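Numbering-wise (our numbering), the sequence shown opens with residue 123 and increments by one.
Think of the CB as a built atom: it goes at the ideal place given N, C-alpha and C, for glycine as much as any other residue.
Computed from a prediction, not measured in an experiment: that's the story for all the values here.
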Amino acid sequence: MSLVFYMNAQPVAIAASVVKQVPLTLNTTDRSASMLEVGKRALLIHQDGPNFAKAEAQVVACDHFAEGWRIETGEFGWEEVDRRRYPRSEVKIPIVVKAVLEHKGSAQLKYVQGETVDMSLGGTWLKATDELVPGSLVEFQADLGNGENMRALAIVAWQSEEAGVGLEFVDFLGGSRYYLHNFLNKAA
């Protein structure tokens, strides 16, 4: 499971394992958990094969112990991410995808550039300059014109050498959902 929270308007993703379901309690060895603040909102993302579910919860506790951190969340409700709930528009705009890769116990940022093939409020199909790992959490960035920059957290739904990459948006940063909605209405 992934737990995502924001520090200074930047998303921070933590990979964690469930140790208790009620209340939801997670364990992680990710050092980023030290930045997590009690009372803050967090996004929970769970992948089960090709299906994704997300939920928002409040962090109730974040305790450090010898092996890492134990995080407890308040009440929440899972909602499935519906892959084709929104109409798609064929739009070609340059994008940047920021992925966090773990390598020998440390996190490294990977910036992948590309161009969209189509987009919707639920996700995008794009051609990228490099591979992205299916199931990974990434930050998607696009300049929609008129000074409107869109930023969203997304899950890499699929990767194909021939077809490109499919991303599912799971959370929008700032006014990005509004900007994308207006952009897609104009493109339609």
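Cut-off 6 angstroms between Cβ atoms - residues of its own chain near residue i, not counting five sequence neighbours on either side
{"i": "A229", "result": "V222"}
Proximity to residue i [Cα-Cα], best of the options
{"i": "G199", "options": "L165, A274, D252", "result": "L165"}
{"i": "V140", "options": "Q169, V213, L275", "result": "Q169"}
{"i": "V134", "options": "Q143, T195, S124", "result": "S124"}
{"i": "I167", "options": "L148, S156, V160", "result": "L148"}
{"i": "L254", "options": "M272, S282, E194, T195", "result": "S282"}
Burial state of residue i, where buried means 16 or more other Cβ atoms lie within 10 Å
{"i": "E189", "result": "exposed"}
{"i": "K176", "result": "buried"}
{"i": "Y301", "result": "buried"}
{"i": "G296", "result": "exposed"}
{"i": "F127", "result": "buried"}
Distance, residue j Cα to residue i Cα
{"i": "D240", "j": "L158", "result": "35 angstroms"}
{"i": "A310", "j": "K226", "result": "45 angstroms"}
{"i": "K214", "j": "K162", "result": "36 angstroms"}
{"i": "R210", "j": "S242", "result": "5 angstroms"}
{"i": "V144", "j": "D152", "result": "22 angstroms"}
{"i": "E290", "j": "D185", "result": "32 angstroms"}
Other residues of its chain near residue i: CB distance less than 7 angstroms, five sequence neighbours each side excluded
{"i": "G288", "result": "G245, W247, A279, W280"}
{"i": "L231", "result": "K220, V222"}
> Does the stretch 252 to 270 touch the stretch 180 to 197, meaning 3 or more C-beta pairs lie closer than 8 angstroms?
Replying inline: The stretch 180 to 197 makes no contact with the stretch 252 to 270, as fewer than three CB pairs between them are under 8 angstroms.
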